[in-house]
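*Asks:* Residue numbers (our numbering): 1 to 356.
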Ligand SMILES: CC(C)(COP(=O)(O)OP(=O)(O)OC[C@H]1O[C@@H](n2cnc3c(N)ncnc32)[C@H](O)[C@@H]1OP(=O)(O)O)[C@@H](O)C(=O)NCCC(=O)NCCS
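1) In this structure, does DSSP put residue 223 in helix, strand or coil?
2) Identify, in the order they occur along the chain, each residue of the same chain with its Cβ nearer than 6 Å to the Cβ of residue 250, setting aside the five sequence neighbours on each side.
3) Please classify residue 248 as buried or exposed, where buried requires at least 16 other C-beta atoms within 10 Å of its C-beta.
4) Quick one: does the C-beta of residue 107 sit closer than 7 Å to a heavy atom of ligand 1?
5) I'd like to confirm something about residue 245: is its beta-carbon nearer than 7 Å to some heavy atom of ligand 2, or not?
6) With three or more beta-carbon pairs closer than 8 Å as the criterion, would you say the stretch 53-70 touches the stretch 120-131?
7) Using C-beta distances below 6 Å, list every residue in its chain close to residue 357, excluding the 5 sequence neighbours before and after it, in chain order.
8) Counting pairs of Cβ atoms below 8 Å between the stretch 29-48 and the stretch 201-211, do you hit three or more?
9) Starting from the N-terminal side, write out each stretch of the alpha helix (DSSP H) that is 4 residues or longer and does not extend beyond the stretch 139-186.
10) Give me, in chain order, the residues of the same chain whose beta-carbon lies closer than 7 Å to that of residue 149; leave out the 5 immediate sequence neighbours on both sides.
11) Which word fits residue 272, buried or exposed, when buried means at least 16 other C-beta atoms lie within 10 angstroms of its C-beta?
12) In whole angstroms, what separates the C-alpha of residue 355 from that of residue 99?
13) Would the stretch 331-348 and the stretch 251-262 be scored as touching if the rule is three or more Cβ pairs under 8 Å?
14) Exposed or buried, which one is residue 186 when buried takes at least 16 other CB atoms within 10 Å?
15) For ligand 1, I want to know if residue 140 counts as a neighbour, meaning its beta carbon is within less than 7 Å of at least one of the ligand's heavy atoms.
16) Given 8 Å as the limit, is there contact between the stretch 296-312 and the stretch 173-182, that is, 3 or more CB pairs closer than that?
17) Check residue 330 in the structure and name its three-state DSSP category.
18) Hey, residue 188 and residue 320: beta-carbon distance below 8 Å or not?
19) Can you grab the Cα-Cα spacing for the pair residue 21 / residue 62, in whole Å?
20) Do you know whose CA, among 206, 182, 284, 152, lies nearest residue 335's CA?
21) Which same chain residues, not among the five before or five after residue 89, have their C-beta less than 6 Å away from its C-beta?
22) Can you tell me which of the three DSSP states residue 358 falls into?
23) Quick check: residue 279 and residue 298, are their CB atoms within less than 8 Å of each other?
24) Am I right that residue 83 and residue 110 are in contact with their C-beta atoms under 8 Å? What's the rounded C-beta distance?
25) For a test of your reading of the model: does the CB of residue 285 fall under 7 Å from any non-hydrogen atom of ligand 1? Yes or no.
26) Which runs of the alpha helix (DSSP H) at least 4 residues long sit entirely within the stretch 47-122? Give them in chain order.
27) What does the Cβ neighbour count give for residue 217, buried or exposed, with the cut at 16 atoms within 10 Å?
28) Assuming residue 342 is part of the beta strand (DSSP E), what are its boundary residues?
29) Can you tell me whether residue 313 is helix, strand or coil according to DSSP?
30) So, helix, strand or coil for residue 347, using DSSP?
31) Could you have a look at residue 360 and say whether DSSP puts it in helix, strand or coil?
32) Assuming residue 114 and residue 163 are in contact, meaning their beta carbons sit under 8 Å apart, how far apart are those beta carbons, in whole angstroms?
33) Going by beta carbon distance, what residues of the same chain come within less than 7 Å of residue 339, once the five residues before and after it are set aside?
34) Let's see if you can read the secondary structure: which residues bound the beta strand (DSSP E) around residue 243?
35) What number of angstroms, rounded off, separates the C-alpha of residue 5 from the C-alpha of residue 269?
36) In the DSSP assignment, find the alpha helix (DSSP H) that holds residue 206 and state where it starts and stops.
Encoded structure:
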């Protein structure tokens, strides 16, 4: 990890040199989010709409998940389209030209296709000539993992401007015959521009903590379409190209893990939930968010929740929630922000930053 566990907000820090770098220590550049952008398709799928598709009720969905509606794409709209739209908005808000971007990282589990990567398609769509990029798959923790990856490239002095995008068209892998899962997901994208920061007052990332546990990989997965189960008549007939989930087990993992990883990150930085000005959790289920916030000790008015409007948009939830926080005036310069995620993998993650 390049970022130190605890950061002196006033002093620039030195990178801990690895064995191979001992003779060329590099200064660590502080890194901040300088703009946020989002893309939400206009199509709506309400709880009422879902009652006409599967055996469910608006009341069940609201009380068990907190979701009221989700946005869904029209046929032919892909993750790269939403990702590019969100990226363009972030760039325009920052007043930065696409040609100034050096690296594009797209977190997604619904790439336009297996290859080329969605990052390549976004690069072309936004006109980021000369940039390089790649996709990163960590499901609902994907944006946070991509965020740390992007931060390292700036902190280490390799790049100056990095776009990190979370984009998912979850409706492309949702089984609308399965009431257990089809009520949960929606489509969206969010993007942030990462740049160097002159001081902690200007905003900066403080620390990240991530963890995966592949022993739970079977609990939430898309069984077919990869090298294990390539597409065939059989995989289609068995509906294996749709996501499958053991909801109650994932629910238990999520409620415990998201708070645990956030609390560990806070503790190693000498902080508690009471120090957090804004808690941005992954939006999977309002009950999961409420439980996590309570275990962290984050006051309800500091917790950002927009799952009612968008459902679970997987890699897009964190930047979408950042945008909601900004729109609602809840995220201000100088705020200590805690981000927490968990998802398929099983993955979990947390980040601490000072908003600039
Ligand atoms: C999916 C989830 C909302 C289900 O809520 P739950 O309270 O655990 O409900 P259960 O799965 O125990 O199901 C309770 C009952 O509701 C039923 N049910 C499930 N979906 C339903 C729906 N859409 N409408 C009505 N009833 C439904 C179940 O069939 C079950 O009925 P049964 O008792 O007759 O078998 C919840 O488990 C969850 O949020 N899991 C984590 C999902 C998640 O976050 N995934 C992404 C991780 S990033």
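Ideal Cβ placement from N, Cα and C applies to all residues, glycine included.
These numbers were taken from a predicted model, which means no experiment stands behind them.
*Replies:* The structure says:
1) coil
2) The beta carbon of residue 250 lies closer than 6 Å to those of 219, 220 in the same chain, with the five residues before and after it left out.
3) Result: exposed.
4) Every heavy atom of ligand 1 is 7 Å or more from the Cβ of residue 107, so no.
5) Ligands displayed in this structure: ligand 1; ligand 2 is not among them.
6) Contact between the stretch 53-70 and the stretch 120-131 is absent: fewer than 3 CB-CB pairs across the two stretches fall below 8 Å.
7) Because residue 357 is not part of the residues shown, which for the chain are 1 to 356, the question remains open.
8) Contact between the stretch 29-48 and the stretch 201-211 is present: three or more C-beta pairs spanning the two stretches fall below 8 Å.
9) The DSSP assignment places complete alpha helix (DSSP H) segments of no fewer than 4 residues inside the stretch 139-186 at 142-155, 179-182, in order along the chain.
10) 105, 136
11) Burial state of residue 272 is exposed, judged by a 10 Å Cβ sphere holding fewer than 16 other Cβ atoms.
12) 26 Å
13) Below 8 Å, enough C-beta pairs join the stretch 331-348 and the stretch 251-262 to call them touching: three or more.
14) buried
15) yes
16) no
17) coil
18) Note that the C-beta distance between residue 188 and residue 320 is below 8 Å.
19) Because residue 21 carries a pLDDT of 44, less than 50, the predicted location of this residue cannot be relied on, and the following value inherits that uncertainty. Rounded to whole angstroms, residue 21 to residue 62 spans 54 Å at the Cα level.
20) 206
21) 37
22) Residue 358 is absent from the model: the chain starts at 1 and stops at 356.
23) Going by beta carbons, residue 279 and residue 298 fall inside the 8 Å limit.
24) Under the criterion of beta carbons closer than 8 Å, residue 83 and residue 110 do not qualify as touching, at roughly 11 Å.
25) yes
26) 47-51, 58-65, 79-94
27) Residue 217 comes out exposed.
28) Unbroken beta strand (DSSP E) run through residue 342: 336-343.
29) Judged by DSSP in its simplified three-state form, residue 313 adopts coil rather than helix or strand.
30) strand
31) Outside the displayed span of the chain (1 to 356) sits residue 360, for which this structure offers no information.
32) At roughly 22 Å, the Cβ-Cβ gap does not stay under 8 Å, so residue 114 and residue 163 are not in contact.
33) 144, 280, 318, 350, 351
34) Element bounds for residue 243: n/a, residue is neither H nor E.
35) Only weak support exists for where residue 5 lies, its pLDDT of 43 falling under 50; the value from the coordinates is given anyway. Straight-line Cα distance between these residues: approximately 6 Å.
36) Here residue 206 belongs to no alpha helix (DSSP H); instead the beta strand (DSSP E) covers 204-212.
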